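To start, the structure under review is shown below, and the notes come after it.
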Amino acid sequence: AGPRSGVFRAGELALAEVRRKHNATLKLLCRLAAEAVLSSPGGILPHRDIIGQLPGQRAVFCRPQDISALLMMMDIHPGDTVLETGSGSGAMSLFLSRAVGPKGRVLSYEIRDDHHSLAKKNYRRWRSAWEMGHTDEWPDNVEFILKDISTAAADVKSVTLDAVVLDMLNPQCALPVVHPSLKEGGVCAVYLANITQVIDLLDRIRSCKLPFLCERIIEVTHRSWSVLPA
Numbered sequence: 001a002g003p004r005s006g007v008f009r010a011g012e013l014a015l016a017e018v019r020r021k022h023n024a025t026l027k028l029l030c031r032l033a034a035e036a037v038l039s040s041p042g043g044i045l046p047h048r049d050i051i052g053q054l055p056g057q058r059a060v061f062c063r064p065q066d067i068s069a070l071l072m073m074m075d076i077h078p079g080d081t082v083l084e085t086g087s088g089s090g091a092m093s094l095f096l097s098r099a100v101g102p103k104g105r106v107l108s109y110e111i112r113d114d115h116h117s118l119a120k121k122n123y124r125r126w127r128s129a130w131e132m133g134h135t136d137e138w139p140d141n142v143e144f145i146l147k148d149i150s151t152a153a154a155d156v157k158s159v160t161l162d163a164v165v166l167d168m169l170n171p172q173c174a175l176p177v178v179h180p181s182l183k184e185g186g187v188c189a190v191y192l193a194n195i196t197q198v199i200d201l202l203d204r205i206r207s208c209k210l211p212f213l214c215e216r217i218i219e220v221t222h223r224s225w226s227v228l229p230a
């Protein structure tokens, strides 16, 4: 079954995750009722505050090692125009902004209003913080767009893209939209959470005969070491 759609309703089950110390997660399952409350070690949450809200997760920061790998694969230069889908927290947007420089341009598409607002807020905060400690101004070169990329073909058609980075649940929906605007030899980097999504993406490229070649599939891992005297 695919992911549910619509808001939480009274009478249905909801799974809440409570973050605890040492990266531990407490999961609580409850059946929503208007007069009930969800109790946890951190406090209580009335069910009425859940009912009517959309499910989902908060925008999270993409790991620095993943961002570095994506930037390396795209080989972005100052002055480039890059399209990003999935603004999220705005972390990737910041790295792209620095890579393309003042003469470059970043188009960041986001389908969720809360993520869109968060990304814009974080970007503004970073630019303000940067100016406090530097004489030069952080480039204002990111355009945050609240729109489903799969419906943005007319908007993207007039833009020439040097690179594309997709961080979304179904990136195969974006490929037919972005590929006509991507320069010949340009890179489309896709960030996916598991190998099943990778297989689905490659199947879609083959079945739709899209003009993309899969150069490499990598998993970025870092291992921490602690070296102590014997």
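Going by full-length UniProt numbering, the first residue of the sequence shown is number 1, and it counts up by one from there. For glycine and all other residues, C-beta sits at the position ideal for the given N, C-alpha and C. The model shown is predicted, which means the values in this text are computed figures rather than measured ones.
Which of helix, strand or coil DSSP assigns to residue i
{"i": "residue 238", "result": "An answer regarding residue 238 cannot be provided, because it is not within the stretch 1 to 230 covered by the chain."}
{"i": "V178", "result": "helix"}
{"i": "G2", "result": "Any reading at G2 needs caution, since the residue's pLDDT is 44, under 50, leaving its predicted position unreliable; the model's value is listed next. Of the three classes helix, strand and coil, the one that applies to G2 here is coil, per DSSP."}
{"i": "L70", "result": "helix"}
{"i": "C30", "result": "strand"}
{"i": "R48", "result": "helix"}
{"i": "K209", "result": "coil"}
{"i": "G133", "result": "helix"}
{"i": "T151", "result": "helix"}
{"i": "H189", "result": "At residue 189 the sequence reads Ala, which differs from the His that was named. A189 falls in the strand class under three-state DSSP."}
{"i": "T85", "result": "strand"}
Backbone CA spacing between residue i and residue j [nearest angstrom]
{"i": "R105", "j": "K183", "result": "15 Å"}
{"i": "D140", "j": "S40", "result": "43 Å"}
{"i": "A36", "j": "L54", "result": "19 Å"}
{"i": "S89", "j": "A119", "result": "5 Å"}
{"i": "L228", "j": "H222", "result": "20 Å"}
{"i": "L202", "j": "I217", "result": "11 Å"}
{"i": "A154", "j": "L32", "result": "42 Å"}
{"i": "S97", "j": "G186", "result": "18 Å"}
{"i": "V82", "j": "L71", "result": "11 Å"}
{"i": "D148", "j": "C173", "result": "10 Å"}
{"i": "A34", "j": "V7", "result": "14 Å"}
{"i": "E215", "j": "P46", "result": "50 Å"}
{"i": "S207", "j": "T135", "result": "52 Å"}
{"i": "K103", "j": "G79", "result": "5 Å"}
{"i": "D162", "j": "A230", "result": "52 Å"}
Beta-carbon proximity list for residue i, same chain, < 6 Å, skipping 5 on both sides
{"i": "L107", "result": "L83 and E143"}
{"i": "I44", "result": "V37"}
{"i": "residue 240", "result": "Within the shown structure, residues of the chain are numbered from 1 to 230, placing residue 240 beyond reach of any answer."}
Sequence-distant residues of its chain with Cβ nearer than 8 Å to residue i (five each side left out)
{"i": "A152", "result": "Y109, I145 and V177"}
Close Cβ partners of residue i (< 7 Å) along its chain, the five nearest in sequence each way excluded
{"i": "G42", "result": "V18"}
{"i": "T160", "result": "T81, S181 and K183"}
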